[in-house]
Structures are given as structure tokens and as C-alpha cells.
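Step one of this worksheet: look at the structure below.
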Amino acid sequence: EELFRRAWRPRDVGTDHQDWTTGSSGSRSPKMMLNTDMCLLFDIDDKKQCCSRTNLFKSNGRNRCEVSSLENKECSRINRNHPRFEASKAVKTFLGGSGPNNNNAPFYDAFAVAWFKATTNGLEVLKPLKDTC
518 EELFRRAWRP RDVGTDHQDW TTGSSGSRSP KMMLNTDMCL LFDIDDKKQC CSRTNLFKSN
578 GRNRCEVSSL ENKECSRINR NHPRFEASKA VKTFLGGSGP NNNNAPFYDA FAVAWFKATT
638 NGLEVLKPLK DTC
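The opening position of the sequence shown corresponds to residue 518 in my numbering, with each subsequent residue numbered one higher.
This is the structure we're talking about:
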């Protein structure tokens, strides 16, 4: 949900620990997003400097990208011809609706299926736990 809700911009560009941040520089509660998270929804492979949401503004009219050089450079979304299109669709599915919300059901439903597979794979003779040893 945070991928959709906030204006993310690159931080520590050109270093081994580049990631993404949102909010004001020097904030007492900084937020961070990894490249691996951002690349599920945005095509950031070419390392172009961009902002995930250029259409968000503060009450004072300033763009939430916080860096004037990025205010008109929105990150490209993954399109249907991109190799990560299925991952991008999954992110949208797990959002649980068309916009930020509190619907976690799609994630929990998929997790329950995956958990069952992970914990029962190859175990033909499972028995319930005993109350005592």
C-alpha cells in the first residue's frame, strides 16, 4: 500500500546502499523503501532519477517529491510487455482494491495456501502434536 500512497524518490544515488525515501529531508520519522520493493511496480532498471508520484502536493502547494528536479519526472510503471508484469499485477491484487485501504484478505488468503504447501510438502504421515512429551 505504501508504494501507491506516497511520493518516493531515490536516496544515496550512486552508492552501494541506494534506496528510496519519502517525506521531508531531516524528518524525525524517515521512511525507506528498498529498490526490490520499488521495482515490483516501477520500471527503475535504467537508474533514471524519478519520483513515484508527481501528483501529490502538500497543503502549502509544494510537491511531495521534495526535490524540484524530480517534480515532473514520474517513474514509469511496469507495463504488460515488461518481464515483471506478473509481479506488478500481484502487487495490485494484494492491495485489496483500487486504492489504499485496510483490506488484507488477498494477502492472507494467498499466504494460507503458501503456508500449507510449505509446511506439508513431502510429509506423507503427519500427526498432530502431543500435549506432553
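Note that beta-carbon positions come from the ideal geometry of N, C-alpha and C, so glycine has one too.
*asked:* Here's the rule I'm using: 16 or more other beta-carbon atoms within 10 Å means buried, otherwise exposed. How should residue 549 be labelled?
replied: One-based indexing of the sequence shown puts residue 549 at position 32. Exposed.
*Which residue from 620, 622, 594 and 583 puts its Cα closest to that of residue 487?*
Nothing about residue 487 can be reported from this structure: the residues present for the chain run from 518 to 650 only.
*Which of helix, strand or coil does DSSP assign to residue 591?*
To locate residue 591, count along the sequence shown from 1; it is residue 74. If DSSP states are grouped into helix, strand and coil, residue 591 belongs with the strands.
*Going by C-alpha distance, which of 635, 572 and 647 is nearest residue 523?*
Against the sequence shown, residue 523 aligns to sequence position 6. Checked all of 635, 572 and 647; the closest Cα to residue 523 is 572.
_Three-way DSSP call (helix, strand, coil) for residue 571 in this model_ = For the purposes of this step, residue 571 is taken as residue 54 along the sequence shown, with counting starting at 1. DSSP places residue 571 in coil when its eight states are reduced to three.
*Can at least three beta-carbon pairs, one atom from the region 617 to 634 and one from the region 589 to 598, be found at a separation below 8 Å?*
Contact between the region 617 to 634 and the region 589 to 598 is absent: fewer than three C-beta pairs spanning the two stretches fall below 8 Å.
*Out of 525, 605 and 574, state which residue places its alpha-carbon closest to the alpha-carbon of residue 568.*
For the purposes of this step, residue 568 is taken as residue 51 along the sequence shown, with counting starting at 1. Nearest to residue 568 by alpha-carbon distance, out of 525, 605 and 574, is 525.
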